[in-house]
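Just below is one structure, and these are the notes that go with it.
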Amino acid sequence: MKFLLFMFVGVVHLLPLASGKAIYGNGPSQRTFQEIKEEIAHYGDVAKSIINLTVYGKAQNRSYERLALLVDTVGPRLSGSKNLERAIEIMQQNLKGDGLENVHLEPVKIPHWERGEESAVMLEPRIHKMAILGLGSSIGTPPEGITAEVLVVTSFDELQRRGPDAEGKIVVYNQPYTNYSAAVQYRMEGAVEAAKVGALASLIRSVASFSIYSPHTGIQEYQKGVPKIPTACITVEDAEMMSRMASRGNRIVVQLKMGAKSYPDADSFNTVAEITGSKYPEQVVLVSGHLDSWDVGQGAMDDGGGAFISWEALSLIKDLGLRPKRTLRLVLWTAEEQGGVGSSQYYQLHKV
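Its first residue numbered 1, the sequence shown is counted upward by one per residue in full-length UniProt numbering.
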């Protein structure tokens, strides 16, 4: 913790600099890496004061308590929901009350998708109610649902080899978990690849290294020119069970019902606050997190914690009466879970 806070203080005062070269200016402004290290070392007392305030002073547990109040009061903050907009209003008031500068909202158009009621029941070879979570932006099923035989595959390559067998079926992906980046491709692209071979829906093994019968949600993407089919995540346990059944030659039939709906884009905001720099106010050090979350939890970890730690960084600087050389800007993104919508629109607005 000491190292991180020490480096934070140094970075706030010295960015943007590089080893032996200056990003801004020429000639006398060029700095060596050793000179940069020596200047950072001069902020040792400042770093200690931040640590003491955080660990022993009035800031002890403050960020946790602020976060707990928001998530307990507002709850889930899905893109396009009233809960998200309420959270944004509360945070704008909190940042102003904290004495931060230039607190304002920047408009963003965001996706508006609702989960609706959803269920999946295995009908053959035995009755079994399965836990599922529809994936963000998925379409729904007809009101009566989709009842179809299941094809279990472990990879996109296997799906291609068995493509003719997939037509008119529900494709179940039981991809092995090696790492997140490899496994998440099935969540993102599983519906598209299944639709290409004529599947009616897709069910994806949750992207997780372990499970306590807990399906995960997340965003998925459709592809232009490819039919949209309903898609959801199932538990690791159910994916493994259906894989075992299929290997024995059992006929598996599942009834899937999803009431998911998409609406026109909604109005939302990125939330911004600053501490203006004393020497280079036009140079900005940005810290951020996102306020939105999925609808099936409070979003305390993803990403309430990141958002509130970012706020706390500015609060600590302000409480100690410090004025960084460069502007510290806090941005709390909207609609990150829908594909980084808030940050993308922020970039378009502020790029030079």
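The C-beta atom is built at its ideal place from N, Cα and C for all residues, glycine as well. The structure displayed is predicted, hence computed values, not measured ones.
Between residue i and residue j, which are expected to be in contact by the criterion C-beta below 8 Å, what is the C-beta distance as a whole number of angstroms?
{"i": "Trp113", "j": "Ser247", "result": "Not quite, the Cβ-Cβ distance comes to about 36 Å (not below 8 Å), so this is no contact."}
{"i": "Thr327", "j": "Val272", "result": "The pair is not a contact, with the Cβ atoms about 11 Å apart (cut-off 8 Å)."}
{"i": "Gly136", "j": "Thr235", "result": "Not quite, the Cβ-Cβ distance comes to about 18 Å (not below 8 Å), so this is no contact."}
{"i": "Val74", "j": "Arg86", "result": "6 Å"}
{"i": "Ala260", "j": "Ile139", "result": "6 Å"}
{"i": "Ala232", "j": "Leu133", "result": "6 Å"}
{"i": "Met130", "j": "Asp265", "result": "So it is not a contact: roughly 32 Å between Cβ atoms."}
{"i": "Gln338", "j": "Ile110", "result": "7 Å"}
{"i": "Tyr346", "j": "Glu106", "result": "7 Å"}
When DSSP builds the beta bridges, which residues end up paired with residue i?
{"i": "Val150", "result": "Ile170"}
{"i": "Ile234", "result": "Ile132 and Arg205"}
{"i": "Val46", "result": "Val46 is not bridged to any residue."}
{"i": "Phe269", "result": "Pro107"}
{"i": "Ser344", "result": "Beta-bridge pairing links Ser344 to no other residue."}
{"i": "Ala114", "result": "The identity of residue 114 in the sequence shown is Glu, whereas the question assumes Ala. Lys261."}
{"i": "Ile219", "result": "Gly136"}
Name the two residues that bound the continuous alpha helix (DSSP H) containing residue i.
{"i": "Asp319", "result": "Gly306 to Asp319"}
{"i": "Lys196", "result": "Tyr180 to Lys196"}
{"i": "Thr327", "result": "Counting along the chain, Thr327 falls outside any alpha helix (DSSP H), though it belongs to the beta strand (DSSP E) covering Arg326 to Trp333."}
{"i": "Arg161", "result": "Phe156 to Arg161"}
What are the boundary residues of the beta strand (DSSP E) that residue i is part of?
{"i": "Ser288", "result": "Tyr280 to His290"}
{"i": "Lys37", "result": "Here Lys37 belongs to no beta strand (DSSP E); instead the alpha helix (DSSP H) covers Phe33 to Ala41."}
{"i": "Ala120", "result": "Glu118 to Glu124"}
{"i": "Gln255", "result": "Val253 to Met258"}
Are residue i and residue j touching if we call contact CB-CB under 8 Å?
{"i": "Gln223", "j": "Val192", "result": "yes"}
{"i": "Pro76", "j": "Val296", "result": "yes"}
{"i": "Ile317", "j": "Ile275", "result": "yes"}
{"i": "Ala307", "j": "Leu291", "result": "yes"}
{"i": "Leu256", "j": "Ile229", "result": "no"}
{"i": "Val172", "j": "Arg187", "result": "no"}
{"i": "Leu330", "j": "Ser288", "result": "yes"}
{"i": "Glu167", "j": "Val253", "result": "no"}
{"i": "Gly342", "j": "Asn270", "result": "yes"}
{"i": "Ala59", "j": "Asp303", "result": "no"}
According to DSSP, simplified to helix, strand and coil, what is residue i?
{"i": "Asp98", "result": "coil"}
{"i": "Ser79", "result": "coil"}
{"i": "Ser262", "result": "strand"}
{"i": "Ile275", "result": "strand"}
{"i": "Arg323", "result": "coil"}
{"i": "residue 358", "result": "In this structure the chain extends from 1 to 352, so residue 358 is not present and cannot be described."}
{"i": "Thr54", "result": "helix"}
{"i": "Ile212", "result": "coil"}
{"i": "Ala300", "result": "helix"}
{"i": "Pro227", "result": "coil"}
{"i": "Pro142", "result": "coil"}
{"i": "Pro176", "result": "coil"}
{"i": "Leu200", "result": "coil"}
{"i": "Gly10", "result": "Reliability of the predicted coordinates at Gly10 is poor, the pLDDT of 48 falling under 50, and no value is obtained from them."}
{"i": "Ser293", "result": "coil"}
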